[in-house]
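In what follows, a single structure is set out as structure tokens and then discussed.
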Amino acid sequence: MRQQAHGGNLVWAAALAGCPPSAILDFSASISPLGPPNSVLAAIGSQLSSIRNYPDPDCSDLRNALSHFHNLPSEWILPGNGSAELLSLAGRELAELAATVLITPAFGDYYRALAAYDAKVLEFSLLVNGQLSVVSSQLSGVSCQESVVSGQLSAVRSQWSGVSGQGLVVSGQESVAMNDLSSIINKGQRTTDNKQLTTNNEQRTTDNGQQTTDKGIILNNPHNPTGRLFGRDAILPYLEEFALVVVDEAFMDFLPPDEEQSLVEFVQDYPNLVILRSLTKFYSLPGLRLGYALAHPDRLQRWRSWRDPWSVNTLASVAGVAALADKEFQAQTWKWLPPARNQLFEGLSQIPGLQPLPGIANFLLVQCEHSCIELQQRLLKQHQILIRDCQSFPELGDRAFRVAVKTPQENERLLKALNGELGVMSYEL
Ligand SMILES: Cc1ncc(COP(=O)(O)O)c(C=O)c1O
Numbered sequence: 017m018r019q020q021a022h023g024g025n026l027v028w029a030a031a032l033a034g035c036p037p038s039a040i041l042d043f044s045a046s047i048s049p050l051g052p053p054n055s056v057l058a059a060i061g062s063q064l065s066s067i068r069n070y071p072d073p074d075c076s077d078l079r080n081a082l083s084h085f086h087n088l089p090s091e092w093i094l095p096g097n098g099s100a101e102l103l104s105l106a107g108r109e110l111a112e113l114a115a116t117v118l119i120t121p122a123f124g125d126y127y128r129a130l131a132a133y134d135a136k137v138l139e140f141s142l143l144v145n146g147q148l149s150v151v152s153s154q155l156s157g158v159s160c161q162e163s164v165v166s167g168q169l170s171a172v173r174s175q176w177s178g179v180s181g182q183g184l185v186v187s188g189q190e191s192v193a194m195n196d197l198s199s200i201i202n203k204g205q206r207t208t209d210n211k212q213l214t215t216n217n218e219q220r221t222t223d224n225g226q227q228t229t230d231k232g233i234i235l236n237n238p239h240n241p242t243g244r245l246f247g248r249d250a251i252l253p254y255l256e257e258f259a260l261v262v263v264d265e266a267f268m269d270f271l272p273p274d275e276e277q278s279l280v281e282f283v284q285d286y287p288n289l290v291i292l293r294s295l296t297k298f299y300s301l302p303g304l305r306l307g308y309a310l311a312h313p314d315r316l317q318r319w320r321s322w323r324d325p326w327s328v329n330t331l332a333s334v335a336g337v338a339a340l341a342d343k344e345f346q347a348q349t350w351k352w353l354p355p356a357r358n359q360l361f362e363g364l365s366q367i368p369g370l371q372p373l374p375g376i377a378n379f380l381l382v383q384c385e386h387s388c389i390e391l392q393q394r395l396l397k398q399h400q401i402l403i404r405d406c407q408s409f410p411e412l413g414d415r416a417f418r419v420a421v422k423t424p425q426e427n428e429r430l431l432k433a434l435n436g437e438l439g440v441m442s443y444e445l
């Protein structure tokens with residue numbers, strides 16, 4: 017069976033489960049279970065007859081709505097066919113630089129977008145000594161930058177590969193550290209301080225004199241697959257150090273305005289900053305494809321010249337305008353997520369052999385004592401439930417999986433199925 021690079025492949029899952037795609041309960045794609053909002057469906061319905069015309073190549077209405085939403089002039093906004101399209105355009109720009117730093121485990125599409133243009137990649141692992149939980153308390157610009165500039169990157173990676181069979185190592189003490197971090201995050205506090213920023217700014221060259229100013233960096237915040245949130249101040253120093261900083265905020269909208277750590281307010285201050293946002297996860301529109309980039313107008317103009325003039329279709333554009341205006345749906349989502357995520361987290365923690373990592377987004381990464389590939393197949397065949405294996409994150413291997421947070425009833429169905437299948441798998445050992 018060929019493993020999937022992305023979640024949400026229902027055709028593949030249904031073939032394995034022996035049922036129609038519509039019968040699959042999908043926890044593998046991190047999509048809100050609440051949408052699409054009725055306002056969006058109504059807007060799409062009202063514009064169906066417009067598909068006989070070409071879409072507006074400027075996406076004027078959508079850009080105006082986004083301009084209002086982010087309080088940013090519309091020239092700084094470029095909608096795309098999902099944020100995945102914009103990621104490819106970012107990959108083309110990053111490939112022009114000496115190298116691009118990737119924070120791993122990294123979303124698989126970053127490799128695709130960079131490889132498509134032969135970009136050189138430098139990987140920096142979030143894992144220290146193979147332990148994700150330790151590192152998650154050090155999500156600061158300094159720790160990452162130090163590893164890159166001091167040439168320790170390969171050492172970190174080889175240390176990691178020595179323990180890769182163990183997957184995520186989470187001991188009791190380290191779990192406390194993670195909980196501390198998540199309480200810091202929940203209170204909206206910063207994960208770095210000014211001293212660290214100063215240190216970071218001083219370190220602009222590697223030990224052997226290699227510069228970071230001719231390199232790019234791409235990271236996502238909140239981080240997929242760990243669900244951790246980088247404080248704004250952890251990322252800001254990169255803007256002084258790297259030629260191009262691409263921040264993928266595909267899941268940032270799941271945090272309410274008083275908790276999010278978006279860099280949108282800094283876009284006009286830094287021409288080397290690109291922010292990618294998605295409208296497919298929060299508003300449940302992955303099949304429609306809609307995302308946008310926020311960046312300097314000259315850069316966005318260049319991107320437009322590289323791509324198809326009509327990559328955002330008419331229905332996606334009207335859906336975006338309606339979604340951004342739907343304050344009720346946004347409030348409902350912010351109310352649903354924390355208790356539903358807690359319910360799932362607590363339920364997973366109680367299943368022998370599973371250890372979920374606390375996360376801030378609408379998904380949870382789970383360490384598992386058993387083979388997740390086997391678990392995935394059992395869940396599909398016996399329960400028509402699809403979880404996300406982590407094979408596309410090589411650092412995580414076969415001992416971790418990711419699940420979306422869904423409705424309380426759906427979460428309960430997953431927990432029950434996991435309990436049953438893991439019980440059988442333990443018995444068979
Ligand atoms: C971190 C991250 N960025 C971007 C994307 C792409 O999202 P979109 O549907 O907007 O193309 C995904 C999709 O899974 C993702 O996980």
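For what it's worth, this note's numbering labels the leading residue of the sequence shown as 17, then goes sequentially.
Glycine included, C-beta positions come from ideal geometry on N, C-alpha and C.
These numbers were taken from a predicted model, which means no experiment stands behind them.
- Following the DSSP letters along the chain, one finds LEU370 inside the beta strand (DSSP E) bounded by residues 370 to 372.
- If only uninterrupted beta strand (DSSP E) runs of at least 3 residues are considered, those enclosed by the stretch 224 to 312 are 231 to 236, 260 to 264, 289 to 294, 307 to 310.
- Distance from THR120 to GLU344 at the Cβ level is roughly 38 Å; contact not present, criterion being Cβ atoms closer than 8 Å.
- Proximity of the beta carbon of ARG305 to ligand 1 is indicated: a heavy atom of the ligand is located closer than 8 Å.
- PRO368 counts as exposed, since fewer than 16 other beta carbons sit within 10 angstroms of its beta carbon.
- Boundaries of the beta strand (DSSP E) harbouring LEU138: 137 to 141, taken from the DSSP string.
- At the C-beta level, HIS399 and LEU41 come within 9 Å of one another.
- Using a Cβ-Cβ distance cut-off of 8 Å, the stretch 348 to 367 and the stretch 428 to 436 are in contact, since at least three pairs of beta carbons, one from each stretch, lie closer than that value.
- ILE234 is positioned such that its CB atom lies no closer than 9 Å to that of ALA377.
- Per the Cβ contact rule, the stretch 59 to 72 is not in contact with the stretch 258 to 277 (fewer than 3 Cβ pairs under 8 Å).
- Proximity annotation: ligand 1 has residues GLY98, SER99, ALA100, PHE123, ASN236, ASN240, ASP264, ALA266, SER294, THR296, PRO302, GLY307 in chain order, each selected because its CB is closer than 6 Å to a heavy atom of the ligand.
- A distance of 9 Å or more separates the beta carbons of TYR299 and LEU82.
- When the Cα atoms are used, ASN97 and SER104 turn out to be separated by approximately 11 Å.
- One thing to note: CYS406 has its Cβ within 9 Å of the Cβ of PRO241.
- Under the Cβ criterion (8 Å, minimum of three pairs), the stretch 325 to 344 does not count as touching the stretch 412 to 424.
- Taking the CA atoms as reference points, GLU139 sits about 11 Å from TYR126.
- Distances from the alpha-carbon of PHE379 to those of GLN393, GLN359, LEU102 put GLN359 closest.
- Rounded to whole angstroms, the gap between the alpha carbons of PRO272 and THR296 is 17 Å.
- Cβ contact annotation for ARG79 (same chain, cutoff 7 Å, sequence separation greater than five): SER90, ILE93, PRO95, in chain order.
- Shortest Cα-Cα distance from PRO49 to any of GLN348, VAL280, LEU331, VAL337 involves GLN348.
- Per the Cβ contact rule, the stretch 284 to 296 is in contact with the stretch 308 to 326 (3 or more Cβ pairs under 8 Å).
- The criterion of a C-beta distance shorter than 9 Å is satisfied by LEU370 and LEU434.
- CA-CA distance, VAL27 to VAL421, rounds to 21 Å.
- Secondary structure note for GLN348: its alpha helix (DSSP H) is the uninterrupted segment 343 to 365.
- Leaving aside the five residues that flank GLY34 on each side, the residues in its chain whose CB is nearer than 8 Å to its CB run, in chain order, LYS397.
- Comparing C-alpha distances from ARG248 to each of ASP230, LEU391, ASP274 shows the shortest one belongs to ASP274.
- For THR116 and ASP269, the gap between their C-alpha atoms comes out near 26 Å.
- Annotation for PRO71: TRP326, ASN329, THR330 place their beta carbon closer than 6 Å to its own, counting only its chain and skipping 5 residues before and after.
- Per the coordinates, the alpha-carbon of LEU340 lies some 44 Å from the alpha-carbon of GLY439.
- Of the other Cβ atoms in all chains shown, 16 or more fall within 10 Å of the Cβ of LYS231; this residue is therefore buried.
- Closest by C-alpha distance to VAL263, out of LEU118, ARG323, LEU353, HIS386, is LEU118.
- Under the 10 Å beta carbon count, GLY23 is surrounded by 16 or more other beta carbons and is classified as buried.
- Contact check for ALA30 against ALA21 fails: the beta carbons are separated by 9 Å or more.
- Taking each of ASP134, LEU142, VAL283, GLN227 in turn and checking the Cα distance to GLY243, the smallest one comes out for LEU142.
- Beta-bridge analysis with DSSP links PRO95 to TYR308.
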